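Worksheet: the structure to be examined is printed underneath.
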Amino acid sequence: MKRRTFLSSTALASLGVLFTRSGFASSSERNTIKQPSSPIKKPVVVSTWIHGMDANKAAWSLLKANKSALDAVEQGVRVTESDATNRSVGLGGNPDRDGNVTLDACIMNHESECGAVACLQNIENPISVARKVMEGTPHVMIVGKGAEEFAYEKGFPKKNLLTDEAKTAWEKWKATEELKKPEINHENHDTIGMLAIDEDGNLSGACTTSGWAYKLPGRVGDSPIIGAGLFVDNEIGAACATGMGEAVIRIAGSHTVVELMRQGKTPNEACKLAVERIIAKHKDLKGLQVGFLALNKNGEAGGYSTYAGFNYAYTDNAKAELIDAGYEMEW
Ligand code: ASP
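So the sequence shown is numbered by the numbering used here: it starts at 635 and just counts up by one.
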């Protein structure tokens, strides 16, 4: 073997890289997802928290009409974004410390294409802007003013997102709590993350939030960060996160859950292990609510959280229900 050929082939071997008919695959990354005992369940859609029930309805109407998981998750979470009574996502979301509603969202499809927006103001449906970033630009994430301008260029209307109720609550908080560090607890956060598998067996996911109530201006959580708030690998499964984004980012949470499923863990086991990792990495667990939700390639779902109270909406051909996730600790 010539020296140059030898060097390049040993370099590839040391990286554990093999060529396959479909492109690259790492030899140490062989997928060990268990074969289902019964036929693959599809379509299926899952989403975080009780607001997921309405969001799932919208997603389900597309999935049952043979539409893509990508369309389903986008349309599904738009329902929550446009619900003015929901104080943690889109319109009506709690503002930052200065009274500005800033939104984070991302979307990812079965081809590992993704798009995200962060710290976006005055746009009701950031998930659709994230999809435009994915499909209409060479970028993955656009933030702040740039994202807002991009949205206007794409025809999204300007909208005041601070409802009277959210404003009143913020003013009350400001009068009493302004000088304190804003605490995250089970009442002031509730992202919607949604995962779906469609009739073709393809997975997609979406995640959207107004983030931590009364956060420092400019703060971005896990929700728009691919690998943290959301991750999809069409060979294995998809995962999303809710709760204290800072903790999720520290362990690249959703990517971790998908990689654990790649190693053969069920969605429930993978979410539990990710939660245990978060607990192990934090000295102070007070208020550290984090929940993971996962859906694998077999159409099996699971969820787990640090503290009690996390639930998720589940819809398939047979049922639509709210499921209480397992947890490590009581409040
Ligand atoms: N994960 C979101 C964030 O940290 C908040 C939440 O899920 O409640 O911005």
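Glycine is no exception: its CB is placed at the ideal position from the N, C-alpha and C atoms. Bear in mind the structure is a predicted one, so any value in this text is a computation, not a measurement.
Setting aside the 5 residues that flank it on each side, Ala-914 has no residue in the same chain whose C-beta is closer than 7 Å to its C-beta. Between Gly-933 and Val-707, the gap from beta carbon to beta carbon reaches 9 Å or more.
Only buried fits Gly-936, as 16 or more other CB atoms lie within 10 angstroms of its CB.
Looking at the DSSP output, Cys-841 bridges to Cys-740, Gly-827. Phe-926 sits away from Ala-881, with the two beta carbons spaced by 9 Å or more.
Counting along the chain, the unbroken alpha helix (DSSP H) around Tyr-786 starts and ends at 778-787. Here the alpha carbons of Asn-945 and Val-909 stand approximately 15 Å from one another. Glu-955 carries a strand assignment under DSSP once its states are collapsed to helix, strand and coil. The beta carbon of Asp-856 is closer than 7 Å to those of Ala-862, Gly-863, Ala-875, Gly-879, Val-882, Ile-883, Gly-887 in its chain, skipping five residues each way along the sequence. Here Ile-684 is exposed. Its C-beta has fewer than 16 other C-beta atoms within 10 Å. Between Asp-705 and Lys-849, the C-beta spacing is not below 9 Å. In the DSSP assignment, Ala-800 falls within the unbroken alpha helix (DSSP H) covering 798-811. A direct Cα-to-Cα measurement between Asp-688 and Thr-714 gives close to 8 Å. Distances from the alpha-carbon of Gly-710 to those of Lys-953, Asp-732, Ala-947 put Ala-947 closest. Under the DSSP assignment, Ala-693 falls in the alpha helix (DSSP H) whose first and last residues are 686-697. The nearest non-hydrogen atom of the ligand ASP is less than 8 Å from the C-beta of Ala-875. Per DSSP, reduced to three states, the secondary structure at Ala-881 is helical. With respect to the 9 Å criterion, Leu-795 and Gly-778 are not classified as neighbours on the basis of their beta carbons.
Boundaries of the alpha helix (DSSP H) around Ala-908: 901-915. Between the C-alpha atoms of Val-735 and Ile-860 there is a straight-line separation of about 22 Å. By the neighbour-count criterion, in which a residue is buried when 16 or more other Cβ atoms sit within 10 angstroms of its Cβ, Asn-690 is buried. In terms of CA proximity to Trp-965, Ser-939 leads the group Thr-949, Ile-870, Ser-939. Of all alpha-carbon atoms in Gly-686, Ser-746, Ala-703, Trp-694, the one lying nearest the alpha-carbon of Asp-832 is that of Ala-703.
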